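Below you'll find the structure, written out as structure tokens, and then a few comments.
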Amino acid sequence: MNELFRQPPTIDASTIKKVGFVGPNGTWTHQATLDLFRNGPELIPFTDGLFEAYVSGQVDAVCAPVTTSLVGTTPYLDQILALPSVTIIAEYPRILSYSLIASKEATFASITKVLGHPVALEEVSAWIDENMPGVERESRPGTTAYVAEENSPNLAAFGPGLGATLYDLQELRTGIEEGLHNVTRWWVLGRDIAPPTGFDRTTLLLRSDEASISAQLAAIVNSGVPILNIYERPTCERLDVHQYMIDFAGHIQAEPRLAQLASRDDIRLLGSYPRRY
1 MNELFRQPPT IDASTIKKVG FVGPNGTWTH QATLDLFRNG PELIPFTDGL
51 FEAYVSGQVD AVCAPVTTSL VGTTPYLDQI LALPSVTIIA EYPRILSYSL
101 IASKEATFAS ITKVLGHPVA LEEVSAWIDE NMPGVERESR PGTTAYVAEE
151 NSPNLAAFGP GLGATLYDLQ ELRTGIEEGL HNVTRWWVLG RDIAPPTGFD
201 RTTLLLRSDE ASISAQLAAI VNSGVPILNI YERPTCERLD VHQYMIDFAG
251 HIQAEPRLAQ LASRDDIRLL GSYPRRY
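Residue 39 in the UniProt record's numbering sits at position 39 of the sequence shown, with consecutive numbering throughout.
Structure, rendered in structure tokens:
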């Protein structure tokens, strides 16, 4: 299991020319995108407008983190669910560890403020409490680039070692929160459903309300398709209207019962793709 969460899936990138990812450069999503598409497609970081670029066709594929074992869902999941059309072509669960990255002049003792992406700061909060209890914490994107720009011995950022390499910084600490308890799962969004492999995951989105949910879930369970996970997500419409992202074992092209579920008016297919765990 440990090694499985370190190996990226194989993706057919023959028709993928441009891949957008949640930027900026030097983040864990940048590292994940490099793992997945090291050779071939152009990799483009986005701090805004990533999913609009996917919908418009400006990029052929997108890499974005959707769930983490420490925090749960990321802010990007709901943005993806709100898109008019989505095709998940791969999932990439990866064990993370963070480095504490600072300027070459900094020391561990000189750091008075640490920066991190909101999700990253949540994931390392226990480590900060134990090892740096007196430092100020600031949540912001592009933390490693900001540390390089400020060049202050008092600033440090949490991120992958890639950030230190890209921006000529140093790693004051490494391996922070590394382990099976800290796994982030990325989705790759593309255009065409990946072919069945025999070990696949299908993700459907169920729209429901409080009057209908019992009957809807009963019908899904009675279909007999193994359910792997269910996430309740807000619709931002009414308090009693919900949407449920449901992961099933199997591929829609190989499992007629999944195809039947996906054909319902209250269910939308998000993707069938190789299952990593």
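All residues carry an ideal CB built from backbone N, CA and C; glycine is no exception.
Here the structure is a predicted model, which means the values were calculated and not measured.
Range of the contiguous beta strand (DSSP E) that encloses residue i
i: T206; result: According to the sequence shown, residue 206 is Leu rather than Thr. D200 to D209 is the span of the beta strand (DSSP E), which, as asked, contains L206.
i: R66; result: For the record, residue 66 in the displayed sequence is Val; it is not Arg. Here the beta strand (DSSP E) through V66 covers A61 to T68.
i: F158; result: L155 to G159
i: P234; result: I227 to P234
i: E178; result: Element bounds for E178: n/a, residue is neither H nor E.
i: T184; result: V183 to L189
i: V86; result: First-last for V86: undefined, no H or E at that position.
i: A249; result: V241 to A249
i: L270; result: I267 to P274
i: S56; result: Here S56 belongs to no beta strand (DSSP E); instead the alpha helix (DSSP H) covers L50 to S56.
Burial state of residue i, where buried means 16 or more other Cβ atoms lie within 10 Å
i: P160; result: buried
i: H117; result: buried
i: R123; result: Note on identity: in this sequence residue 123 is Glu, with Arg being the wrong assignment. Flag for E123 reads buried.
i: E178; result: exposed
i: G49; result: exposed
i: T33; result: buried
i: D200; result: buried
i: G20; result: buried
i: A120; result: buried
i: G134; result: exposed
i: I227; result: exposed
i: L43; result: buried
i: F142; result: Correcting the residue identity first, residue 142 is Gly in this sequence and not Phe. Label assigned to G142: buried.
i: P8; result: buried
i: E91; result: buried
i: P41; result: buried
i: residue 303; result: The structure shown does not extend to residue 303, since the chain is modelled only from 1 through 277, so no value can be given for it.
For residue i, the nearest candidate out of the options (CA to CA)
i: R268; options: P9, T202, G49 and R94; result: T202
i: D209; options: T235, V241, G224 and R137; result: V241
i: residue 299; options: I176, R6 and L205; result: Limits of the chain in this structure are 1 at one end and 277 at the other, which puts residue 299 out of reach.
i: L166; options: N154, H181, Y146 and P274; result: Y146
i: Q216; options: A109, K18 and D266; result: D266
i: D168; options: S263, P41, K18 and N151; result: N151
i: residue 314; options: F5, T174, Q58 and I11; result: No statement about residue 314 is possible, as the shown extent of the chain runs from 1 to 277 and does not include it.
i: T15; options: Y54, D192 and P141; result: D192
i: R94; options: R6, A262 and S263; result: R6
i: L239; options: Y54, A211, P141 and S85; result: A211
i: N222; options: Q260, P234 and L115; result: Q260
Residue i vs residue j beta-carbon contact at 8 Å
i: W186; j: A64; result: yes
i: I101; j: A164; result: yes
i: L81; j: T67; result: no
i: L83; j: F108; result: no
i: L162; j: Q31; result: yes
i: I128; j: A194; result: no
i: E255; j: Y244; result: no
i: T87; j: G190; result: yes
i: A156; j: A219; result: no
i: I246; j: L204; result: yes
i: P276; j: L36; result: The residue you asked about is not Pro; residue 276 is Arg in the sequence shown. No, the pair does not count as a contact, with Cβ atoms beyond the cut-off.
i: T174; j: S85; result: no
i: L115; j: E138; result: yes
Start and end residues, alpha helix (DSSP H) containing residue i
i: A102; result: No alpha helix (DSSP H) contains A102, which is instead part of the beta strand (DSSP E) from Y98 to A102.
i: F46; result: Looking at the DSSP string, F46 is not in any alpha helix (DSSP H); the run it does join, the beta strand (DSSP E), is E42 to F46.
i: L258; result: P256 to A262
i: V221; result: I213 to N222
i: V119; result: P118 to N131
i: residue 280; result: Nothing can be reported for residue 280: it is not among the residues displayed for the chain, which extend from 1 to 277.
i: T33; result: W28 to L36
i: Q79; result: P75 to L81
Neighbourhood of residue i by C-beta, 7 Å cutoff - its chain only, sequence neighbours within 5 removed
i: L258; result: T202, V225, F248, G250 and I252
i: L206; result: Q216, Q243, Y244, I246, D266 and I267
i: P45; result: F21, G23, P24, N25 and H30
Contacts around residue i, its chain only, beta-carbon distance under 6 Å, and the 5 residues preceding and following it disregarded
i: R126; result: With the sequence shown as reference, residue 126 is identified as Ala, and Arg is not the correct amino acid for it. So no residue of the chain qualifies.
i: E136; result: K113
i: T70; result: In the sequence as displayed, the identity of residue 70 is Leu instead of Thr. The answer, listed in chain order, is E123 and N182.
i: T73; result: T67
i: L270; result: V86, I88, T203 and L205
Chain-order list of residues whose beta-carbon lies under 8 Å from that of residue i (same chain, five-residue window excluded)
i: A148; result: S103, Y167, D168 and L169
i: residue 303; result: In this structure the chain extends from 1 to 277, so residue 303 is not present and cannot be described.
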